[in-house]
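Sequence lines, in order, name chains A and B.
When you line the first sequence up against my numbering, it's residues 436 to 775, in that order.
When you line the second sequence up against my numbering, it's residues 436 to 775, in that order.
C-beta: ideal position from N, C-alpha, C; glycine also.
Treat the numbers as computed from the prediction; the structure is a model and nothing was measured.
Here's the structure we're looking at; comments come further down.
2 protein chains.
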Amino acid sequence: MSQGKRIVLAARPVGEPKPSDFRTEEFAVPTPGQGEVLLRTIWLSLDPYMRGRMNDTKSYAAPVPVGGVMEAGTVCEVAASDNPGFAKGDIVLARAGWQTHAISDGKGLAKIDPKLAPISTAVGVLGMPGMTAYTGLLDIGKPQPGETVVVAGASGAVGSAVGQIAKIKGARAIGIAGGKDKCDYVKNELGFDDCLDHRETDFAAKLKFACPKGIDVYFENVGGAVFEAVFPLLNPFARVPVCGLIAHYNDTDAKPPKWASSLMFATLTKRLTFRGFIVSDFANRHGDFLRDMSGWVREGKVKYKEFVTEGLDSAPGAFMGLLKGANFGKQLVRVGPDKA
Amino acid sequence: MSQGKRIVLAARPVGEPKPSDFRTEEFAVPTPGQGEVLLRTIWLSLDPYMRGRMNDTKSYAAPVPVGGVMEAGTVCEVAASDNPGFAKGDIVLARAGWQTHAISDGKGLAKIDPKLAPISTAVGVLGMPGMTAYTGLLDIGKPQPGETVVVAGASGAVGSAVGQIAKIKGARAIGIAGGKDKCDYVKNELGFDDCLDHRETDFAAKLKFACPKGIDVYFENVGGAVFEAVFPLLNPFARVPVCGLIAHYNDTDAKPPKWASSLMFATLTKRLTFRGFIVSDFANRHGDFLRDMSGWVREGKVKYKEFVTEGLDSAPGAFMGLLKGANFGKQLVRVGPDKA
Numbered sequence: 436m437s438q439g440k441r442i443v444l445a446a447r448p449v450g451e452p453k454p455s456d457f458r459t460e461e462f463a464v465p466t467p468g469q470g471e472v473l474l475r476t477i478w479l480s481l482d483p484y485m486r487g488r489m490n491d492t493k494s495y496a497a498p499v500p501v502g503g504v505m506e507a508g509t510v511c512e513v514a515a516s517d518n519p520g521f522a523k524g525d526i527v528l529a530r531a532g533w534q535t536h537a538i539s540d541g542k543g544l545a546k547i548d549p550k551l552a553p554i555s556t557a558v559g560v561l562g563m564p565g566m567t568a569y570t571g572l573l574d575i576g577k578p579q580p581g582e583t584v585v586v587a588g589a590s591g592a593v594g595s596a597v598g599q600i601a602k603i604k605g606a607r608a609i610g611i612a613g614g615k616d617k618c619d620y621v622k623n624e625l626g627f628d629d630c631l632d633h634r635e636t637d638f639a640a641k642l643k644f645a646c647p648k649g650i651d652v653y654f655e656n657v658g659g660a661v662f663e664a665v666f667p668l669l670n671p672f673a674r675v676p677v678c679g680l681i682a683h684y685n686d687t688d689a690k691p692p693k694w695a696s697s698l699m700f701a702t703l704t705k706r707l708t709f710r711g712f713i714v715s716d717f718a719n720r721h722g723d724f725l726r727d728m729s730g731w732v733r734e735g736k737v738k739y740k741e742f743v744t745e746g747l748d749s750a751p752g753a754f755m756g757l758l759k760g761a762n763f764g765k766q767l768v769r770v771g772p773d774k775a
Numbered sequence: 436m437s438q439g440k441r442i443v444l445a446a447r448p449v450g451e452p453k454p455s456d457f458r459t460e461e462f463a464v465p466t467p468g469q470g471e472v473l474l475r476t477i478w479l480s481l482d483p484y485m486r487g488r489m490n491d492t493k494s495y496a497a498p499v500p501v502g503g504v505m506e507a508g509t510v511c512e513v514a515a516s517d518n519p520g521f522a523k524g525d526i527v528l529a530r531a532g533w534q535t536h537a538i539s540d541g542k543g544l545a546k547i548d549p550k551l552a553p554i555s556t557a558v559g560v561l562g563m564p565g566m567t568a569y570t571g572l573l574d575i576g577k578p579q580p581g582e583t584v585v586v587a588g589a590s591g592a593v594g595s596a597v598g599q600i601a602k603i604k605g606a607r608a609i610g611i612a613g614g615k616d617k618c619d620y621v622k623n624e625l626g627f628d629d630c631l632d633h634r635e636t637d638f639a640a641k642l643k644f645a646c647p648k649g650i651d652v653y654f655e656n657v658g659g660a661v662f663e664a665v666f667p668l669l670n671p672f673a674r675v676p677v678c679g680l681i682a683h684y685n686d687t688d689a690k691p692p693k694w695a696s697s698l699m700f701a702t703l704t705k706r707l708t709f710r711g712f713i714v715s716d717f718a719n720r721h722g723d724f725l726r727d728m729s730g731w732v733r734e735g736k737v738k739y740k741e742f743v744t745e746g747l748d749s750a751p752g753a754f755m756g757l758l759k760g761a762n763f764g765k766q767l768v769r770v771g772p773d774k775a
């Protein structure tokens, strides 16, 4: 048999993950048993939520065990099949994790039609990140025409979709991103009304200037200083879908953010809504999402950008970079070629 | 003309209100002009939200100006009328404030039928506090049969209604109150499943014991140490209608509560919903509220308790006591007799 490769969690990170928290292992690529398929990974999706899985804390999903393969959504080719539902050569959406090959009993696999869209979009704009943007914005944020929607990580997988969908719904979209290149892309290519660089010292003042009528929907995927700047601008009846808090994922102690003392008071007097969500909470919206989003992508109303690193070995470094905003677009790892 | 009396805001309180923050003034009872009525106050309602109106800070309502009459909901008799919509002797719900008499152009007055229920209930169980409980619990909290609903101030105007409505809807109701007498009343008279005394040193442990399946709805009207005890017990998908924060109304600096640093994280991972509300947000539910609540009161499913102090002069002291939980039941001031 040929050799496969996988990356396991070597140690639970304290603060920022470091290279020694990951370990690469080789293994003999197995043969599928009865009812099973062998998956060969083409695309590996890296997403901020994975940082949470590296901690041994209670959350919405179980942590990755130390020594276990790092979790991830993947686009795979069926390399061999003893399952009547799948044929060799099928392209499937899977959760094969950070490895070149995996065995599956077929449960949870979804076939991808390569004719409809580039297969990498199944873990991007037409996959989990796209649906996170779609459901969080539309089902919790509920932007109305003329309202102001603010989203950080605006050049990334989720944020870029949030702002573009907000525009489709007739709202003003204000993005936040790190650096001039990303901000230019968000404004000029994605068509946001404005995009502010959170690294600038007068960021809070610029955000206020860009939102003269306040903020009606803040799609929260960052936390930290960005939220501190957004918070005083929230209008009465503002909605805050809480999707992620990447600024805090490496926190080692629970530091009360400066704004925390005011949070509940503002919730009361401004009648704010804060609602946490995970994309799977809206599973019944998957049909709506696929119909709308694939249409918008086809019509050019929603654009997306991919940021690719080559080879499974690049995954730990790419992931550490993702947590610092080093990526420019949806972070993908090219693990193998489209066709073996 | 006879003399009237009113209590005005003499100074903005710093921290706890003190007697010198109020001033009593006398005035000649006026005669209504064309289209106006003269109101004679029978019942004055004291409610925690009034503390907020004493501050010069932006909130959902304008502050009472220094020198202005303290605001309040009242039950009044029409003492004289030059308005075709009202006759002398009519009993009306008004916002006449802390005074014995007031002039009104009739706008915002609602006639009360004394045959249907004691007229004081118009500022209690069948009025603003009752509707606050009804809408916050049902429209935001959405308790399901078998779920656990927790509410503080459980012997008070809002809390007592919250727990009893939760029971009507098939949920478990756990109250929190200050002192054994109130807790006994909440359990034995109001029929809550349990009631904990927040003054006991092992309160948090007892609350946990009383909620073995966690908390699905926390009706927030207190904040502070009670919320700190509730917070770790919130179940995934718990709902927190944010109605009031009486523990913080006298705060002079914004102290980050201990739990604040964890708040947004838990909102995300547990998919919590925090939603602030003011009863007027649900004005379109007033018909539903009156139909349901008057039925429940008639059937004995919702009981209420009134805590009355005598005479307008008692209002400042009663209000200062209310903020410390000195009342046992809905706080009312008997300003005048039912019939002049």
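| Asked | Found |
| --- | --- |
| Buried or exposed by the 16-neighbour rule on C-beta atoms within 10 Å, applied to Ser480(A) | buried |
| Own chain partners of Arg706(A) with C-beta closer than 7 angstroms, once the 5 adjacent residues on each side are dropped | Pro671 and Phe672 |
| Listed by chain order, chain A residues near Phe709(B) by CB distance under 8 angstroms | Met699, Thr702, Leu707, Thr708, Phe709 and Arg710 |
| Proximal residues of chain A, C-beta to C-beta of Asp716(B) below 9 angstroms | Phe672 and Arg706 |
| Exposure of Pro483(A), with buried meaning 16 or more beta-carbon neighbours within 10 Å | buried |
| For Asn719(A), three-class secondary structure by DSSP | helix |
| Short Cβ contact (8 angstroms threshold) for Ala787(B) with Leu544(B) | Because chain B here runs from 436 to 775, residue 787(B) falls outside it and cannot be looked at. |
| Val585(A) at chain B interface by Cβ criterion, 8 angstroms | no |
| Neighbourhood of Ala531(B) by C-beta, 7 angstroms cutoff - its chain only, sequence neighbours within 5 removed | Leu474, Thr476, Thr509, Cys511 and Ala537 |
| Which of helix, strand or coil DSSP assigns to Ala682(A) | helix |
| Distance, Ala592(B) Cα to Gly562(B) Cα | 10 angstroms |
| Neighbourhood of Tyr495(B) by C-beta, 7 angstroms cutoff - its chain only, sequence neighbours within 5 removed | Ile713 |
| For Ser516(B), the residue or residues it bridges with in DSSP | Val472(B) |
| is_contact[Val737(A), chain B] using C-beta, thresh 8 angstroms | no |
| Contact set between Val661(A) and chain B, taken where Cβ atoms lie within less than 9 angstroms | Within chain B, no residue comes near Val661(A); the closest Cβ sits about 12 angstroms away, beyond 9 angstroms. |
| Interface flag, Val677(B) vs chain A, CB-CB below 8 angstroms | yes |
| Burial state of Gln579(A), where buried means 16 or more other Cβ atoms lie within 10 Å | exposed |
| Nearest residue (CA-CA) to Thr636(A), options Gly614(A), Gln438(A), Leu625(A) and Asp619(A) | Gly614(A) |
| Residues of its chain near Gly470(A), where Cβ-Cβ distance is below 8 angstroms and the 5 sequence neighbours each way are ignored | Asp517, Asn518, Asp540 and Gly541 |
| Assigned secondary structure, Glu745(B) (DSSP; H/G/I helix, E/B strand, else coil) | strand |
| Start-to-end residues for the alpha helix (DSSP H) that takes in Lys774(B) | From DSSP, Lys774(B) is part of no alpha helix (DSSP H); its letter is neither H nor E. |
| Pro691(B) - DSSP class collapsed to helix/strand/coil | In this prediction, Pro691(B) has a pLDDT of 47, which is less than 50 and means its spatial position is unreliable; nothing more can be read from the coordinates. |
| At least 3 beta-carbon pairs within less than 8 angstroms: the stretch 655-671 of chain B vs the stretch 756-765 of chain A | no |
| Endpoints, beta strand (DSSP E) assigned at Val527(A) | Ile526 to Ala529 |
| Anticipated Cβ contact below 8 angstroms, Thr570(B) with Arg720(B), distance rounded | 5 angstroms |
| Buried/exposed call for Phe462(A), threshold 16 Cβ in 10 Å | exposed |
| Given Phe627(A) as reference, the closest of Phe662(A), Ile442(A), Met566(A) and Lys738(A) once Cα atoms are compared | Lys738(A) |
| Any non-hydrogen atom of the ligand COA within 7 angstroms of Gln534(A) CB | Ligands displayed in this structure: none; no statement on the ligand COA is therefore possible. |
| Ala596(B) beta carbon less than 8 angstroms from that of Ala568(B) | yes |
| Identity of the residues DSSP links to Ala589(B) by a beta bridge | Per DSSP, none; premise fails for Ala589(B). |
| Contact check, Ile526(A) vs Pro498(A), beta carbons under 8 angstroms | no |
| Beta-carbon proximity check, Val665(A) vs Ala682(A), cutoff 8 angstroms | no |
| Beta-bridge pairing of Thr459(A) - partner residues as DSSP gives them | Ile442(A) |
| Integer Cβ distance of Gly576(B) from Val677(B), believed to fall under 8 angstroms | Rounded, the Cβ-Cβ distance is 11 angstroms, inconsistent with contact. |
| Nonlocal neighbours in the same chain, by C-beta distance under 6 angstroms from Glu582(A), ignoring five residues either side | Ala606 and Asp651 |
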